[in-house]
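Quick note on numbering: the UniProt record's numbering labels position 44 of the sequence shown as 44, and the sequence is numbered without any gaps.
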Amino acid sequence: MGNLRNKAYRALRWSERYTKTDMLYLARGGFWMTTSSVVVSSLSFLLAISFAHFLTKETYGEYKFVLAIAGILGTFALTGLGSAVMRSVGRGFEGTLHYAFWTNIRWSALSFLGALVLSIYYFAHGNSSLGLAILVVGSFSPFLSSTNLYSAYLTAKKDFRRHAIYFDIIGNLVPYTALFATMLLTDSPLWLILVYFSSNTLIGIILYKRTVKIYQPGPTVDTESLGYSKHLSLMNILSGLANNIDQILVFHYIGAAELAIYNFATAIPDQTKGPLKGLNKLIFPKFVVREDHEIRTGMRNKFLWLLVLSIVLVLAYILAAPYIFSIFFPKYMGSVLYSQIFSISFLSIPFSPANVYLAAKKKVKEQYMVYSLTSIVQIIAVFFGIFFWGLLGLIVARVITRIFSGLINATLYKYSLGKEDD
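Written out as structure tokens, the structure reads:
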């Protein structure tokens, strides 16, 4: 066993000559990130099968519409606190977790007020189901987003094992199981929303307290990073609108059933990218403490390896999609072509380390440019795509926007390095 471990160690160190990456660190953290990604993707896949089997397209479309409303309302809280906690805790300011928790609760009052106004609007127009569902969203969201900050804390501590078990596996298993049980009893979108948010909030509180009990964070707070989080949060308002406006427009102007078709078309490709999120979490703590010249050394290799991976993913998914839908989602065969086209957005994957660099190094101006340009392009592209070509136009708009965002990140990464050299 020891001999096998030594061989693996030497092989990882040898591979660093070609990847220009700390492969030992990647393997240690990557095992848990990969394991959790596989588990979460499997759970999401099973839940999607349940949605397709138990719910009508109209019910599922309404459920996704309310989640999109939640996404937009959530942008009016301090959505950048997660990055601030990661950066602060990574530099020893562990008290930032508690401070960020209560700061987020206070700022989330804006989200609640927005939900209240929107809820009253739907009640006034005779749609009490949507009105109640949005009120549920506004009531639970402040606590849900605050408790989930333990995820950023564990990432900063490089405790990838506990992060995988707590946030990824348990944090998804509990609400997914609750949703499945609810679907066996009712197909009411209101009950689905209530169960989703209440179960997520409950498990979030439990795991937040568990994390605090284990680590007992000290009192030191990095107020500078919290100020930085307000910049990130401001950027996220426009991007939050851009990332959810597609759901709102499809629901209101095309229909709930078409929104369900659209979500099934994008869900599987998005789940396929799950391990990438884990990779970004692994890279972030390293980029925070490394010098620019060290980061530059390995960036080109990361790009090339990720480019090869993304091309393979696109080709594999285009071939596999018809079989996946015919076997597991026969009711949604109309989503196949849209899903195949959407998989082309995998070509934006190679640019993700550039985005992580901008966040880790607090490149505020550059991030404002990324978020603003990408969000504006996405909103315009989505609007015109839906207006002229319906769902097909929307899918193409999403692909174009993702690749555009990647190119902007890469351009500003090179620009930032050039400034540091000067």
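Each residue gets a CB set at the ideal place from its N, CA and C atoms; glycine is no exception.
- Closest in C-alpha terms to L67, from the list F93, V136 and V221, comes V136.
- Ranked by Cα distance from I214, the options Y166, L173, I193 and L190 are led by Y166.
- Note that the C-beta distance between F93 and D222 is below 8 Å.
- In the structure shown, K213 adopts helical secondary structure according to DSSP, grouped into three states.
- According to the DSSP assignment, R87 belongs to the alpha helix (DSSP H) that extends over L81 to G90.
- Per DSSP, L249 is one residue of the alpha helix (DSSP H) stretching across T223 to Y253.
- A direct Cα-to-Cα measurement between S225 and S36 gives close to 29 Å.
- The continuous stretches of alpha helix (DSSP H) do not include T220, and DSSP gives it neither H nor E.
- Below 8 Å, enough C-beta pairs join the segment 229-246 and the segment 71-84 to call them touching: three or more.
- Note that the segment 353-370 touches the segment 280-299; at least 3 beta-carbon pairs, one per stretch, sit closer than 8 Å.
- If you look at G74, you'll find it in the alpha helix (DSSP H) that goes K57 to G74.
- For H98, the CB contacts under 7 Å within the same chain, skipping 5 residues up- and downstream, are P217 in chain order.
- Rounded to the nearest angstrom, the gap between the Cα atoms of L394 and A381 is 8 Å.
- Excluding residues up to 5 positions away in sequence, I169 lie with their Cβ nearer than 6 Å to the Cβ of V39 in the same chain.
- Boundaries of the alpha helix (DSSP H) harbouring D270: A256 to T272, taken from the DSSP string.
- By the neighbour-count criterion, in which 16 or more other beta carbons inside 10 Å mark a residue as buried, E294 falls on the exposed side.
- Annotation for A133: the continuous alpha helix (DSSP H) segment containing it runs S128 to T147.
- Between the alpha carbons of Y121 and K414 lies a distance of about 47 Å.
- Between K57 and F123, the alpha-carbon positions lie close to 23 Å from each other.
- Rounded to whole angstroms, the gap between the alpha carbons of F264 and R106 is 36 Å.
- For P175, the enclosing alpha helix (DSSP H) covers residues G171 to L185.
- For D292, the enclosing alpha helix (DSSP H) starts and ends at D292 to F328.
- Per DSSP, H98 is one residue of the alpha helix (DSSP H) stretching across T96 to W107.
- Closest option to D292, judged by alpha-carbon separation, among Y368, S233 and S416: S416.
- Counting only residues of its own chain and dropping the five nearest sequence neighbours on each side, Y208 has a CB closer than 7 Å to the CB of T147 and Y150.
- Distance check between I403 and each of M333, S310 and S111 places S310 closest, using alpha-carbon atoms only.
- With a cutoff of 8 Å on beta-carbon distance, A360 and Q367 are scored as not near each other.
- Here S375 is buried. Its C-beta has 16 or more other C-beta atoms within 10 Å.
- When C-beta atoms of the segment 240-247 are compared with those of the segment 47-55, fewer than three pairs fall below 8 Å, so the two segments do not count as touching.
- Going by DSSP, Y332 is part of no alpha helix (DSSP H) at all; its letter is neither H nor E.
- Taking the CA atoms as reference points, R162 sits about 27 Å from K362.
- Shortest Cα-Cα distance from N127 to any of E62, N236, V370 and V250 involves E62.
- For G131, same chain residues with a beta-carbon under 6 Å away, outside a window of 5 residues either side, are S119, Y122 and F123 in chain order.
- Comparing alpha carbon positions, the residue from G255, P142 and K157 closest to G204 is P142.
- The distance from the Cβ of L313 to that of L173 is about 26 Å, inconsistent with a contact at the 8 Å cut-off.
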